[in-house]
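Asks: In the order they appear, the protein sequences are chains A and B. The numbering of the first sequence is this note's numbering, which starts it at -13 and goes up by one. The numbering of the second sequence is this note's numbering, which starts it at -13 and goes up by one. Where a beta carbon is used, it is the ideal one built from N, C-alpha and C, also for glycine. Computed from a predicted structure; not experimentally measured. Sharing a structure with you now.
There are 2 protein chains.
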Amino acid sequence: MTPKAHFAEKLRLAGLRPTRQRVAIAALLLDGRHRHVTADSLTEEITTAGLHVSGGTVYNTLNQFTEAGLLRRVMVHNDYSLFDTNTDHHHHFYEAENDQLVDIPHDGVILAQLPAAPDGHEIKAVDVVIHIQSKNP
Amino acid sequence: MTPKAHFAEKLRLAGLRPTRQRVAIAALLLDGRHRHVTADSLTEEITTAGLHVSGGTVYNTLNQFTEAGLLRRVMVHNDYSLFDTNTDHHHHFYEAENDQLVDIPHDGVILAQLPAAPDGHEIKAVDVVIHIQSKNP
DNA sequence: AAGGCTCTTTAGAATGATTTTAAACTAGAT
DNA sequence: ATCTAGTTTAAAATCATTCTAAAGAGCCTT
Ligand SMILES: [Mn+2]
Ligand SMILES: [Mn+2]
Ligand SMILES: [Zn+2]
Ligand SMILES: [Zn+2]
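Now the structure itself:
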């Protein structure tokens, strides 16, 4: 199976029509590597790959992929959106100083006790962000 | 001690000159009640109190109070900033559906294990956000 | 109490990430 | 090949937040 067909199939399974733009972005983001991207960094990657996708479509695609569960949005600041290519359950270190986000191995955080969700609600996800700063000794 | 003097003193201790605007905002936000505000909701409160503070100053003051440790910023989305008048260590439920943020009692979440911070870094804060959604049975 | 220095506030303009628009395009079905 | 609904596009609009530079106000010194 050609790589293009592979990602097209992945998009179909996610309920997204495999357009040229979506397949190109899927090939960049859904190849199994775990990383964190912004609309801007993704646009750079696209350009480096010799392609072009309009700004609006980059945003739309990131939102659609997230909605479809192919990406995950990470909330650490509100300057711009961060997307995580790792949709498995895991947590993050965040260093505000240089806006650096680092994955924490899945078993690095153990939640021994969680509160019950408020009446009529259920827990959808638990996000742990450990804010760190460089030690100044 | 008059309430105004009380908040002025609090601001001085935080290293902030107690201007009319800062004292007014401190009286609204630093009275011991635990709640979550936005620049917008705070501006409404100020107006309701029959006062006026310019938009820029509302933003500046929220940022300065946060920097001074009198408020805490909560990160649950990147539509706009949320500020918490409770600076004690506690966590949150967040219901994206209607953008509702609810405090979790300090002992509601127990972290049995935390990873070591990366070399040369130390942990500054641990934020736990439990995303919830209404059960539809 | 007045003067002066510095910090602060102000209205308005600027910024910048993101969304919206309406027209041109295309994937997929017939 | 044709049709249609969904998609992409460049450009404009949105909107929370920051910046500007001029006017105002704490606060320290006389
Ligand atoms: Mn609270
Ligand atoms: Mn913005
Ligand atoms: Zn991650
Ligand atoms: Zn809170």
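Here's the rule I'm using: 16 or more other beta-carbon atoms within 10 Å means buried, otherwise exposed. How should Thr(-12) (chain A) be labelled?
Replies: exposed
Asks: Is it true that the CB of Glu83 (chain A) sits closer than 8 Å to the CB of Lys121 (chain B)?
Replies: no
Asks: Under 8 Å between beta-carbons, which chain B residues line up against Lys110 (chain A)? List them in chain order, please.
Replies: His117, Ile118 and Gln119
Asks: Identify the residues that DSSP records as bridge partners of Ala111 (chain B): which are they?
Replies: The partner list for Ala111 (chain B) (beta bridge, DSSP) reads A:His117.
Asks: Start and end of the alpha helix (DSSP H) containing Tyr45 (chain B)?
Replies: If you look at Tyr45 (chain B), you'll find it in the alpha helix (DSSP H) that goes Gly41 to Glu53.
Asks: Name, going along the chain, the residues of the region 87 to 100 of chain B whose beta-carbon falls closer than 9 Å to a beta-carbon of chain A.
Replies: Val88, Ile90, Pro91, Asp93, Gly94, Val95, Ile96, Leu97, Ala98, Gln99 and Leu100
Asks: Mind reading off the beta-carbon distance from Ala54 (chain B) to Gly1 (chain B)? Whole number of angstroms is fine, and I expect it under 8 Å.
Replies: 6 Å
Asks: Any beta carbon of chain B sitting closer than 8 Å to that of Glu81 (chain A)?
Replies: yes
Asks: Tell me whether Arg58 (chain B) sits in a helix, a strand or coil according to DSSP, three-state version.
Replies: strand
Asks: Beta strand (DSSP E) containing Asp70 (chain A): first to last residue?
Replies: Leu68 to Asp70
Asks: Using Cβ-Cβ distances below 8 Å, what residues of the region 64 to 77 of chain A are close to chain B?
Replies: Identification of residues in the region 64 to 77 of chain A having a C-beta nearer than 8 Å to some C-beta of chain B yields Asn64, Asp65, Tyr66 and Ser67, given in sequence order.
Asks: Leaving out five residues on either side along the sequence, give the residues of the same chain with a beta carbon under 7 Å from the beta carbon of Ala111 (chain A).
Replies: Scanning its chain for C-beta atoms nearer than 7 Å, with the 5 sequence neighbours on each side dropped, one finds no residue around Ala111 (chain A).
Asks: Please determine whether the Cβ atom of Asp17 (chain A) lies at a distance below 7 Å from any heavy atom of ligand 3.
Replies: no
Asks: Does the beta carbon of Asp70 (chain B) fall short of 7 Å from some heavy atom of ligand 4?
Replies: yes
Asks: Between Pro(-11) (chain B) and chain A, is there a C-beta pair that is closer than 8 Å?
Replies: no
Asks: Does the beta carbon of Val62 (chain A) come closer than 8 Å to any beta carbon on chain B?
Replies: For Val62 (chain A), a Cβ of chain B is located within less than 8 Å of the residue's own Cβ.
Asks: To the nearest angstrom, how far is it from the Cα of Arg19 (chain B) to the Cα of Thr71 (chain B)?
Replies: Rounded to the nearest angstrom, the gap between the Cα atoms of Arg19 (chain B) and Thr71 (chain B) is 7 Å.
Asks: Decide if the region 20 to 36 of chain B is in contact with the region 23 to 32 of chain A; the criterion is three or more beta carbon pairs, one per stretch, under 8 Å apart.
Replies: Inter-segment contact for the region 20 to 36 of chain B and the region 23 to 32 of chain A is absent: fewer than three beta-carbon pairs are separated by less than 8 Å.
Asks: At a CB-CB cut-off below 7 Å, which residues of chain A make contact with Gly106 (chain B)?
Replies: Ser120 and Lys121
Asks: Counting only the same chain and skipping the five closest in sequence on each side, list residues whose C-beta sits under 7 Å from that of Asn46 (chain A).
Replies: none
Asks: Could you tell me the boundaries of the beta strand (DSSP E) in which Val88 (chain B) lies?
Replies: Gln86 to Ile90
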